[in-house]
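Asker: Protein chains in written order, with UniProt numbering: chain A, 1 to 204; chain B, 1 to 204.
Number of protein chains: 2
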Amino acid sequence: MEPGLRARKKQATRAALQAAALRLALERGPGNVRVEDIAEAAGVSPRTYNNYFSSREQAIVAGITADRAEQVAAAVVGSPAATGLGDAVVTAVVGLYADPGDRPRAAMLMVATSPALRACYADTVTSIEGPLAEAIAERCPGVDPLTAQVLSAAVGAAARVGLRQWLRPATGAGGLVVTSGSLPDLVRAALLPLAPALDAAAGR
Amino acid sequence: MEPGLRARKKQATRAALQAAALRLALERGPGNVRVEDIAEAAGVSPRTYNNYFSSREQAIVAGITADRAEQVAAAVVGSPAATGLGDAVVTAVVGLYADPGDRPRAAMLMVATSPALRACYADTVTSIEGPLAEAIAERCPGVDPLTAQVLSAAVGAAARVGLRQWLRPATGAGGLVVTSGSLPDLVRAALLPLAPALDAAAGR
DNA sequence: ACGCAAAATTGCGCGCACGCAATATTTTGC
DNA sequence: GCAAAATATTGCGTGCGCGCAATTTTGCGT
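1) Touching or not, the region 127-147 of chain A and the region 101-110 of chain A, by the rule of three or more beta carbon pairs under 8 Å?
2) What distance in whole Å lies between the Cβ atoms of V72(A) and G128(A), which are believed to be in contact at a cut-off of 8 Å?
3) Along chain A, in chain order, which residues have C-beta atoms closer than 7 Å to that of L151(B)?
4) How would you label E36(B), buried or exposed, when you count the other beta carbons within 10 angstroms and need 16 or more for buried?
5) Quick check on the burial criterion: 16 or more other C-beta atoms within 10 angstroms. Buried or exposed for T83(A)?
6) Do the CB positions of A122(B) and R164(B) come within less than 8 Å of each other?
7) Between P184(A) and chain B, is the shortest Cβ-Cβ distance under 8 Å, so that the two count as touching?
8) Taking beta-carbon pairs under 7 Å, can you tell me which members of the region 115-127 of chain B lie near chain A?
9) Would you report the Cα separation of A195(A) and I64(A), rounded to the nearest angstrom?
10) So if I threshold CB-CB distances at 9 Å, which residues from the region 88-115 of chain B count as touching chain A?
11) State buried or exposed for Q11(A), treating a residue as buried only when at least 16 other CB atoms are found within 10 Å of its CB.
12) Quick check: the Cα distance between A39(B) and R34(A), rounded to an integer number of angstroms?
13) Output, in chain order, the set of chain B residues within a Cβ distance shorter than 7 Å of L17(A).
14) Can you list, in chain order, the residues of its chain with a C-beta nearer than 6 Å to that of A173(A)? Leave out the 5 residues immediately preceding and following it.
15) What does G156(B) reach in chain A if we use C-beta pairs closer than 7 Å?
16) Report the residue from V150(A), S114(A) and I136(A) whose alpha carbon sits nearest the alpha carbon of L26(A).
17) For R68(A), which of helix, strand or coil comes out of DSSP?
18) Out of V94(B), A92(B) and Q18(B), which has the shortest C-alpha to C-alpha gap to Q58(B)?
19) Nearest-angstrom Cα distance between A42(A) and G29(A)?
20) Whole angstroms are fine: how far does the CA of A153(B) sit from the CA of A154(A)?
21) Just checking my contact of A159(B) with G156(A) at CB under 8 Å: how many whole Å lie between their CB atoms?
22) For R8(A), decide whether its Cβ has a neighbour in chain B, counting only Cβ atoms nearer than 8 Å.
23) Using a Cβ-Cβ distance cut-off of 8 Å, determine whether Q11(B) contacts chain A.
24) Whole angstroms is fine: what's the gap from T13(A)'s alpha carbon to L24(A)'s?
25) State the Cα-Cα distance for the pair V187(B) and A69(A), rounded to the nearest angstrom.
26) Is it buried or exposed for A98(B), if we count other Cβ within 10 angstroms and need 16 for buried?
27) Counting only beta-carbon atoms, is R56(B) nearer than 8 Å to chain A?
28) Suppose only complete runs of 4+ residues qualify. What are the alpha helix (DSSP H) ranges in the region 75-129 of chain B, listed by chain order?
29) In whole angstroms, give me the CA-to-CA distance for A75(A) and P46(B).
30) For L183(B), which residues of its own chain have a beta-carbon under 6 Å away from its beta-carbon, when the five flanking residues on both sides are left out?
31) Evaluate G162(A) with the Cβ neighbour count: other Cβ atoms within 10 Å of its Cβ, from every protein chain shown; 16 or more gives buried, anything less gives exposed.
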């Protein structure tokens, strides 16, 4: 059964809201954009905005991190069967942060600047946990569903730590090493300590 | 240097706010308590409330989960040196959820009922991550600080999953096993998959 | 004891999130 | 096609979170 007019229109307005939010935030700065503005730009009532997104920042970051979840899940189930679960997951997640061009880079800079956006952006990794858990369960039919959930939640948490580390504005004083490498490397480093747990669960 | 009058008074009003919030929430139900009420009960301005807590629910849950963080950290560094890091951490965290009496149980029931409180309660485990990371670093001087952070974040995430599982209102339909055991057992089960990662990091 | 600087409290105003009920639009069944 | 059921959009009202500036309280040196 195809989506139907209703669902398609819903997706359309959602996309319009995301696009409008991102555009306005980029050209005015995130602090100078009210929900009213976004709603107007998308041709919809302010109240309707909050039917789609439950915070002002959500639409902006949603415009950046569109379909992370499906990406990771697909990468995990699609990785060669020979590789261990740890490698598969780490590679899949790191793949999300390979630099994809120029427009996104400006967006990331904006995210790094605004604390509210940082927080919201970190929260988006939560959205991958569900699909990732399913992917793990599918790849390793033997594991307890709860274990799969736990592992994916742990992966999410680790990714958040890596993210946080990357967009830390350089604390200055006490920090011994402030040089944060490239994002993918940082995320990989953050995920690595979890590999033993993943492999142990996979190996039963 | 002892706290000084200033800091002590601050702690006093914070405690008063927590107590008032918890009391009012228990006797009226969490939905029927406005910030204004809590502030008034604590003899302070509504604006001041938000100088101490940044959400309406925070004061309530703070009244329940007082000094979790120090507890866990102490338990980790204080556990016998012979036990592996995995066992030490698991035991320490599980120890937080040993049933401590009757008043807390009523409070937990209230938390389980209100979605907003559930979310806020889950967020509180985040507060243990910092101290836990320090404790891990102290116990195993060899490990990378980033690794310590990652592991404690993962532990927090796992604990959240256990919590969520426990206070799930029984989805009914598709759930094969809805019988959730006791909270401590559930949390232990959730933490167990991470033990390999902890031990691996500790053993270098 | 006194006054001054630091810090906490307070009032004010703005925008946001959301429940609720009314309204408009789409889908379904005939 | 068309009425009815299902679902989406909107306006309104309430409470919340917080930046800002004025005011009060606290701590300390002399």
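Ideal Cβ placement from N, Cα and C applies to all residues, glycine included.
Answerer: Checking against the coordinates, here is how it stands:
1) no
2) Reading the sequence as shown, one finds Ile at residue 128(A) and not Gly. Going by Cβ atoms, the distance from I128(A) to V72(A) rounds to 5 Å, so yes, they are a contact pair.
3) P193
4) exposed
5) exposed
6) yes
7) no
8) none
9) 28 Å
10) none
11) exposed
12) 30 Å
13) Going along chain B, no residue has its Cβ under 7 Å from L17(A), so there is no contact; the nearest lies around 24 Å.
14) With a pLDDT of 48 at A173(A), under the threshold of 50, the predicted position of this residue should be treated as unreliable, and no value is reported.
15) A157
16) S114(A)
17) helix
18) With distances taken between Cα atoms, Q58(B) lies closest to Q18(B).
19) Approximately 18 Å, taken between the alpha carbons.
20) Rounded to the nearest angstrom, the two C-alpha atoms are 7 Å apart.
21) The Cβ separation is near 14 Å, so there is no contact.
22) Output row for R8(A): interface = no.
23) It does not; no Cβ of chain A falls within 8 Å.
24) Near 16 Å, if we compare the C-alpha coordinates of L24(A) and T13(A).
25) 26 Å
26) exposed
27) no
28) 85-95, 103-113 and 115-124
29) One C-alpha to the other measures close to 50 Å.
30) Y97 and W166
31) buried
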